[in-house]
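Chains A and B, in that order, give the protein sequences.
My numbering numbers the first residue of the first sequence as 1 and each following residue consecutively.
My numbering numbers the first residue of the second sequence as 1001 and each following residue consecutively.
Below: one structure, written as C-alpha cells.
2 protein chains.
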Amino acid sequence: MDIKTKLISAAESLFDRHGFTATGMDRLTQAAGMSSRTLYKHAGSKHSLIASVLTERDRRFLRRTDVNSVNELFKALEDWVRVEGCRGCLFLRAYGETGGDVPEIAEVMAAHKAGVWSKIQEIIALETNGRGDEQLAEQILILFEGATATAIYRGADAVITARHCAVRLVKQASS
Amino acid sequence: MDIKTKLISAAESLFDRHGFTATGMDRLTQAAGMSSRTLYKHAGSKHSLIASVLTERDRRFLRRTDVNSVNELFKALEDWVRVEGCRGCLFLRAYGETGGDVPEIAEVMAAHKAGVWSKIQEIIALETNGRGDEQLAEQILILFEGATATAIYRGADAVITARHCAVRLVKQASS
DNA sequence: TCCAATGTAAAACGATCATTTTACATAGTC
DNA sequence: GACTATGTAAAATGATCGTTTTACATTGGA
C-alpha cells in the first residue's frame, strides 16, 4: 500500500475513534508505522492531515452513495454505518472540534455537504419527475443527517426508520 | 451570580465555541474569573466539569422543550438554535471528542437522549390519541436530530423545514 | 559510481496540557 | 481574638503537544 494512503487510512481510524484533538502525532506515527519526519513530509501539518483525511473520505462516501433513489441512498447509508461504524458525521465533528476556525477544514466540510445536497436534489428530481421541490429535498437531507446522528446512540436501525420515512415522503410528492 | 454557576456558564460557552479538548484550563479560569485552585475545588476535574456543564444544559433544555405538540417542540428547538447558536448537539460532540471512553460524559449524554426520547414519545401519544406508534416517534426523533445537525451549515431554517415535515407526519398518523 | 531522493530513529524544540502546591488575604463564626 | 472556610496569585509538577532537526541507512537512476 502506498505510504500516503496508509497514513491517511490510519489517521482516519484514530480520528474517528478518539477524536481529532485528542489524537496526538505520536499515536499517528505509530499507527501509520512511519517516522514523524516522513509523516510531516507527506501531510504538511496536523490540520492539513485532517483536511486530507476528510477529502479522501468525501471521495469514498460519494462513490458509495452514487445511487438513483432515496431508498438506495438510505440503504447505502445503512451499509456505510454498519461497515464503517456510527460515530457521527466526521466532517461536522472536525468542524466542531476546530470551532470552524481552520479554513482548510471548514472548506472540506462545506464541499462535502454541498455534494450531498446536490446528490439529494438530483435524486428527488429524478424520482418525482420534477414534481418534488426544494422543500422535499431539504426534508430528505434532514432525515439523512438525523439518521447519521441518531445512529450514534440507537444504532443502524435508525437509518432504516429514516429510509421508510423518506421513501414515503417522496411517494406522496410523486403521486 | 453564584461562583459555580459562573464557572459552568463560562465553560459551556468556551466548550461550545472552541470544542472540549481544545479548550484549556487556563482559558477556563480566565473566562470564569477565578484561580485554578477555586476551579478545581468546585469542578473536581476537567472531565467532571464537562459532565457538570452537560447536566446543567440538559436541565435547561428540558425546561425549554416542556411542550405538548410536535409543532411547539420544533418551535422550541428553532428558538433554542436562534438564541444559543447552532453548533450541533453538545452532548454528541462531547461524546465524540472523548471517544465515548469517559463514563461520566457518556452517561450524561445517554440520560439526555433518553429524556428527549421519552418527551417525544409522550407528545406523540398525546397528539395521536394513542394511534401513533414507536416508529412515528423515532421518525420525529430523527427529524429532531437532523434539524440540529443540518442547522450547523444551513442555519435555523432547517428547523422550520423539519417542523413542517414532523407536523405532517403526525397529522397523517392521527387521521 | 556518484547523486539525489526517501526513508528511519531519536533527540530537541518551546509551548501548552491538566493538576497540585505554596504562600497569603479576607471573611464570618464560636 | 483565634479558627475555619473560601478565595487569589503564582509557581511547580511531569506529561504531552505539534513540529523541527540531526545523524544515518537504503535505494534507483544519471
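C-beta: ideal position from N, C-alpha, C; glycine also.
The model shown is predicted, which means the values in this text are computed figures rather than measured ones.
How far does the alpha helix (DSSP H) with residue i in it reach, from first residue to last?
| i | result |
| --- | --- |
| valine 1067/B | Unbroken run through valine 1067/B: none, as it is neither H nor E. |
| cysteine 1165/B | 1157-1174 |
| aspartate 16/A | 3-18 |
| arginine 1087/B | Counting along the chain, arginine 1087/B falls outside any alpha helix (DSSP H), and DSSP gives it neither H nor E. |
| alanine 149/A | 134-154 |
| serine 1118/B | 1103-1128 |
| serine 1035/B | Note, serine 1035/B: premise wrong, no alpha helix (DSSP H); not H, not E. |
Please report the distance separating the alpha-carbon of residue i from that of residue j.
| i | j | result |
| --- | --- | --- |
| aspartate 16/A | tyrosine 1095/B | 12 Å |
| lysine 119/A | isoleucine 1152/B | 19 Å |
| phenylalanine 20/A | leucine 1039/B | 26 Å |
| threonine 1005/B | glutamate 1056/B | 9 Å |
| glycine 1085/B | glutamine 139/A | 21 Å |
| glycine 1130/B | alanine 158/A | 22 Å |
| aspartate 1002/B | methionine 1025/B | 20 Å |
| alanine 149/A | lysine 113/A | 15 Å |
| aspartate 79/A | glycine 155/A | 12 Å |
| isoleucine 1123/B | asparagine 1068/B | 6 Å |
| tryptophan 1117/B | alanine 125/A | 33 Å |
| arginine 82/A | lysine 1041/B | 43 Å |
| methionine 34/A | arginine 60/A | 24 Å |
| serine 175/A | leucine 136/A | 14 Å |
Does any heavy atom of the ligand NAD sit closer than 7 Å to the C-beta of residue i?
| i | result |
| --- | --- |
| cysteine 1086/B | Within the structure as shown, the ligand NAD is missing, as the structure has no ligands at all. |
Note down, in chain order, every chain A residue with its Cβ under 8 Å from the Cβ of residue i.
| i | result |
| --- | --- |
| arginine 1017/B | Gly99 |
| isoleucine 1022/B | It is alanine, not isoleucine, that sits at residue 1022/B in the sequence shown. Those within 8 Å of alanine 1022/B in chain A are Thr21, Glu97, Thr98, Gly99. |
Report the neighbours of residue i on chain A: residues whose CB is nearer than 9 Å to its CB, in chain order.
| i | result |
| --- | --- |
| alanine 1158/B | Glu138, Leu141, Ile142, Glu145 |
Which chain A residues sit within Cβ distance under 7 Å of residue i?
| i | result |
| --- | --- |
| alanine 1162/B | Ile142 |
query = Can you find at least 3 beta carbon pairs, one from the region 1003-1016 of chain B and one from the region 1025-1033 of chain B, that sit closer than 8 Å?
reply = yes
query = Along the region 44-73 of chain A, what residues have a CB closer than 8 Å to any CB found in chain B?
reply = none
task = Take every Cβ of the region 1091-1109 of chain B, pair it with every Cβ of the region 1041-1051 of chain B, and state whether three or more of those distances are shorter than 8 Å.
result = yes
request  = Examine the Cβ distances between the region 1129-1149 of chain B and the region 1162-1171 of chain B and report whether three or more of them are shorter than 8 Å.
outcome  = yes
query = Residues in the region 1128-1156 of chain B with C-beta within 8 Å of chain A's C-beta atoms, listed in sequence order?
reply = Gln1135, Glu1138, Gln1139, Leu1141, Ile1142, Leu1143, Phe1144, Glu1145, Gly1146, Ala1147, Thr1148, Ala1149, Thr1150, Ile1152, Tyr1153, Arg1154
key: Members of the region 1078-1096 of chain B that neighbour chain A once the beta carbon cut-off is set at 8 Å   = Arg1087, Gly1088, Cys1089, Leu1092, Arg1093, Tyr1095, Gly1096
request  = Determine which residues of the region 105-123 of chain A have a Cβ less than 8 Å from any Cβ of chain B, and write them out in chain order.
outcome  = Met109, Ala110, Lys113
query = Does the region 78-92 of chain A come within contact of the region 101-113 of chain A, defined as at least 3 CB pairs closer than 8 Å?
reply = yes
task = Examine the Cβ distances between the region 1165-1173 of chain B and the region 1068-1076 of chain B and report whether three or more of them are shorter than 8 Å.
result = yes
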